[in-house]
Amino acid sequence: MEQIHYDRLQETLYHEVLDNGLKVYVLPKPGFKKTYATFATKYGSVDNHFRVAGGEETSVPDGIAHFLEHKMFEEPEGDIFATFASNGASANAFTSFEQTVYLFSATEKIETNIETLIDFVQRPYFTDQNVEKEKGIIGQEINMYADNPDWRVYFGLIEAMYQKNPVRIDIAGTVESISTISKETLYTCYNAFYHPSNMLLFIVGGVDPESVFELVRSNQARKSYERQGEIERIFEQEPEQVGVKRLENKLAVSMPKCLFGFKEKEIGLSGKAAVRRDLTTKLMLDLLLGSSTALYQKLYDEGLISDSFGHEFNSSPQYAFSAIGGDTKDPELLLKRIREEIDPLLESGFAERDFIRARNKKIGGYLRMLNSPESIAHEFTRYQFRGGDLFDVLPEYESISLEEVNQRLREHIDWSQLAVSVVVNP
Amino acid sequence: MTNHVFQHGNVGGIRIHVLPTKTFKTYAISLYAGVPLAEETVTPTALIPFVLRRGTASYPETTQFRERLEELYGAGFGFDVYKRGDYQIIQFRMDTINDSFVQSKESLLGESFAFLGEVLTRPVLEGDSFRTSYVSTERETVRKKLEAIVNDKIRYAAERCIEEMCREEPYRLHPLGQRGDLDAITPDSLHQSYLSWLDGAILDLYVVGDTSPEEVQKLVERHFGLGNRSASPYQSQFSPKTVMDVRTVEERMEVGQGKLNMGLRTSITYKDDAYAHALMYNGILGGYPHSKLFVNVREKESLAYYASSRYDGHKGIATIQSGIEIQNYNKAVDIIRKQLDEMKNGNISDLELSQTKAMIRNLLSEIQDSAFEMIAFDFNRVLSGKDRSTEELMSQVEASGAEDVKRAADTVALDTIYFLTGQKEES
């Protein structure tokens, strides 16, 4: 068990890689009643084409990672939710582009709940009947998202930008694609991606690290896993340019929704370089479009944006893009105005005073995030899967310079890489 | 279990509630301002915080106002407008970094109080009136927000169900007010509304963090300066309603999935000793993934992705919500009503009781890991007049049996079934 102390954050992190390859992290939070645990596999909706070392190349139906997540909750004895409930734990799971995360939060019977979490994720139980039954439930989940304009405008943007990369596929798939899922395809994916060496367990809360490690070690020692080689994830070559410039969906909305963004040309970053680009880009977007900027205020007063206006930056080794926007009465005018206002800034760059203030804001936001065990667990896992360290973010932010942000501004805001997604009333 | 206890005081008509702790990296500050929910005042009252967040005497331009927050290491500042019982509550929140984590020259707690005090008491004015441009843009903002409710069909259906069910009570009103009333509001009339709101609102100020009641008292005296107002208590207007018939409301819209919502009434509210039993009732019916609704509507019948219930102890209302295939309406209603009957008949297993107790125990224990959750729990006491700690509530939950839950079920009556359905008649 190794220990890393982060003096400025007043946090100590304990970690160990077990013999079977499972990475385990424990962050004690003295004074906290709650323990929050996540058990994550580096396997998400984008991993639909792969080969495990020594095995065959495999393509699987859209939405299968998410389907698998649903099915993991079923055990021969029934629903695992009931077991968690008996032990006072609130359990859940989610699937994103790059990972599937199983989790619980509890204030008692922590050791029992940790074992339940590990055991249910390491014990798949799929039958023809329970797979068929799930198709109705997930079908309703897909229909729910189809009626949600925020989700539709967000996915519309990704679909507009990406032509080949599976990030463009809806995480839950479609009613048609999931209809082809069988227990055999589920086992294929499970065996490839749920090997301990592809997984990370993170536990945060009022726990004693040594006893948690002891528990996890002996739990894993009881199970036998063959060594697994590298998983090769196969992606078709993604063209540099966006697929379509503008994509429109129709849905009952009170006002159009408009999301636009820039597709990065440079991909393949990982580790510290990826983290630094993420932080610098987010800081840059905040300086450009954050709610304290003159630009934001002008657009707000012109009635072109509302409190829903925001921005984000999303990246992985395979893709990277910004998403900017919200509700607007006139998407075309909004884009025209933004371009008019941004172009002079590309020349002049940001002012030092604004830069310092925005950086402080980001540092404050980061420290606030560390109050939340949930956010720590999710963010930490996400950073690890990309080869970064969440607890290095503070010095990283402090070392970002104005020049770097200005350079990022000129790189990222490349109008030839722009795509726009809108949702309008039918 | 509660190591943390709020210390209560009163400064010039503002009740203060302080919880000194070093558990968090921030100071959490919450100011609640409550007024009775009423048709004539709901809209201007809702608009007030939107205008207050645009500028103050010291930071008249909105960009200055927001830059100031960023200077305080990106202090979180926000507000919510909602209803609790028959009150309209405006809650201002600040979340500021504890100075010891950053190299700050100013006391971030002191500066946060200065900021919040000014937001509340010294808005930017033009003569004796609010700034015209702020009032007109924020009026549009509120209008857009009211219009946007329909975009999120889950939320829209939930609010429409309540609106239909409470159509003869103030509770039918949306906390953001009524669109039709916005046009008549002028900078002058809104300033008058603001002055009487500030004069009449019940004010409660909460602070959780590395501070003391003495320090907070001094900061409030220095930065709020509201003179001598009286700190009045909240008064519940609750009276149990007798439900005669179940009313069914159907609404058509361009949707793929139908939203089925139900509104139920109970005579049990937060201040009652049976409150713990009502919590158990809701937990067994639909509060969790082991509950009857989830198990029967989703897991057994695959009818829905979500099927759950909620209980509002300040209003004596429970609601049920689910998203279903439109042609499955009758089947879903039957299954849900069957679960309600099961509750009334006392068909409640020991396992359901013990699982639900464990989940409620977890929920109550978790509260003290979050500053704002602790604040919200204590505010229940202020609202209801019932002082009941999390431990007491817990032991009442622990002590409840199937008979208690059945008695709670006897107070519950289905009032309204609301269905948001597609444009075309489905066969």
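Respectively, the protein sequence lines represent chains C and L.
Position 50 of the first sequence, counting from 1, maps to 49 under numbering that gives the first Met the number 0, and the rest follow consecutively.
Position 8 of the second sequence, counting from 1, maps to 7 under numbering that gives the first Met the number 0, and the rest follow consecutively.
Glycine included, each C-beta is placed from N, C-alpha and C at the ideal position.
In this text the structure is predicted, and so the values were computed from the model without any measurement.
Cutoff 9 Å: residue i Cβ touching any chain C Cβ
| i | result |
| --- | --- |
| L:V4 | no |
| L:H7 | no |
| L:K385 | no |
| L:F23 | yes |
| L:G345 | no |
| L:M0 | Any reading at L:M0 must be qualified, since the residue scores a pLDDT of 37, below 50, and its modelled position is unreliable; no value is offered. |
| L:M279 | no |
| L:I13 | no |
| L:R166 | no |
| L:G447 | Given that chain L is displayed from residue 0 to residue 426, the structure contains no residue 447 of chain L and the question cannot be resolved. |
| L:Y328 | no |
| L:E425 | Summary for L:E425: the model assigns pLDDT 49, below 50, so the residue's position carries little reliability; its value from the coordinates is reported in the next sentence. Closer than 9 Å: no. |
| L:V80 | no |
| L:V101 | yes |
| L:I323 | yes |
| L:H222 | no |
| L:G33 | no |
| L:G176 | no |
Below-9 Å beta-carbon distance, residue i vs any chain L residue
| i | result |
| --- | --- |
| C:M254 | yes |
| C:V423 | no |
| C:R356 | yes |
| C:M143 | yes |
| C:E351 | no |
| C:F31 | yes |
| C:Q9 | yes |
| C:E330 | It should be noted that the sequence gives Pro, not Glu, for residue 330 of chain C. It does not: the Cβ of C:P330 has no partner Cβ on chain L nearer than 9 Å. |
| C:K361 | yes |
| C:S305 | yes |
| C:G324 | no |
| C:P394 | no |
| C:D300 | yes |
| C:N455 | For chain C, the structure presents residues 0 to 425; residue 455 of chain C sits outside this window and is missing. |
| C:P372 | yes |
| C:R336 | no |
| C:F234 | no |
Cβ-Cβ separation, residue j to residue i (assumed contact under 8 Å), whole Å
| i | j | result |
| --- | --- | --- |
| C:G135 | L:S301 | 3 Å |
| L:D409 | L:M164 | Not a contact, Cβ separation roughly 20 Å. |
| L:R335 | L:G282 | The residue asked about is misnamed: residue 335 of chain L is Ile in this sequence, not Arg. Going by Cβ atoms, the distance from L:I335 to L:G282 rounds to 16 Å, so no, they are not a contact pair. |
| C:I233 | C:F96 | Contact flag wrong, Cβ pair sits at about 16 Å. |
| L:R92 | L:S29 | 5 Å |
| L:A74 | C:G363 | 7 Å |
Pair within 9 Å by beta-carbon distance, residue i and residue j
| i | j | result |
| --- | --- | --- |
| C:S210 | C:E110 | yes |
| C:T63 | C:T115 | Note on residue identity: the sequence assigns Ile, not Thr, to residue 63 of chain C. Not closer than 9 Å, so no. |
| L:Q320 | L:A157 | yes |
| L:P288 | C:A90 | yes |
| C:L369 | C:E10 | yes |
| L:Y170 | L:D79 | no |
| C:E247 | C:V422 | yes |
| L:D180 | L:P43 | yes |
| C:V241 | C:M160 | yes |
| C:I230 | C:D61 | no |
Query raised in the report: Is the stretch 114-124 of chain C close to the stretch 67-77 of chain C, with three or more CB pairs under 8 Å?
Result: yes
Query raised in the report: Can we say the stretch 13-23 of chain L touches the stretch 140-155 of chain L, given the rule of at least three CB pairs closer than 8 Å?
Result: Three or more beta-carbon pairs separated by less than 8 Å are not found between the stretch 13-23 of chain L and the stretch 140-155 of chain L, which leaves the two stretches without contact.
Query - Residue ranges of each alpha helix (DSSP H) within the stretch 210-247 of chain L, 4 or longer - result: 212-222
Query raised in the report: Are the stretch 46-60 of chain L and the stretch 237-253 of chain L touching by the rule of at least three beta carbon pairs closer than 8 Å?
Result: Between the stretch 46-60 of chain L and the stretch 237-253 of chain L, the count of Cβ pairs shorter than 8 Å is below three; the stretches do not touch.
Query - Segments assigned alpha helix (DSSP H), at least 4 residues, entirely inside the stretch 76-118 of chain L - result: none
Query raised in the report: Which full runs of the alpha helix (DSSP H) of 4+ residues lie inside the stretch 110-195 of chain L, going along the chain?
Result: Listed in chain order, they are 131-147, 152-164 and 178-181.
Report task. Please list the segments of the alpha helix (DSSP H) lying wholly inside the stretch 360-419 of chain L, counting only runs of 4 or more residues, in order along the chain. Result -> 370-383, 389-397 and 401-409
Query - Segments of 4+ residues assigned as alpha helix (DSSP H) that fall wholly inside the stretch 11-58 of chain L - result: Runs of the alpha helix (DSSP H) inside the stretch 11-58 of chain L: 41-51.
Query raised in the report: Counting pairs of beta carbons, one from the stretch 190-201 of chain C and one from the stretch 264-277 of chain C, are three or more of them closer than 8 Å?
Result: no
Report task. Could you pull out every unbroken beta strand (DSSP E) segment of at least 3 residues lying fully inside the stretch 80-105 of chain C, listed in chain order? Result -> 89-94 and 99-105
Requested in this report: Would you check if there are 3 or more beta carbon pairs closer than 8 Å linking the stretch 131-149 of chain L to the stretch 172-188 of chain L?
Outcome: yes
Query raised in the report: Which runs of the beta strand (DSSP E) fall wholly inside the stretch 259-323 of chain L and span at least 3 residues, in chain order?
Result: 303-311 and 316-323
Query raised in the report: Should the stretch 253-264 of chain C be called in touch with the stretch 380-387 of chain C, which here means at least 3 C-beta pairs below 8 Å?
Result: no
Requested in this report: Decide yes or no for the touch test of the stretch 259-279 of chain L against the stretch 320-334 of chain L: beta carbon pairs closer than 8 Å, at least 3 of them.
Outcome: yes
Query - Every unbroken alpha helix (DSSP H) inside the stretch 328-410 of chain C [4 residues or more] - result: Restricting attention to alpha helix (DSSP H) runs no shorter than 4 residues, the stretch 328-410 of chain C encloses them at 330-347, 351-368, 372-384 and 392-398, ordered along the chain.
Report task. Report yes or no: do three or more beta-carbon pairs, one from the stretch 388-406 of chain C and one from the stretch 279-287 of chain C, lie closer than 8 Å? Result -> yes
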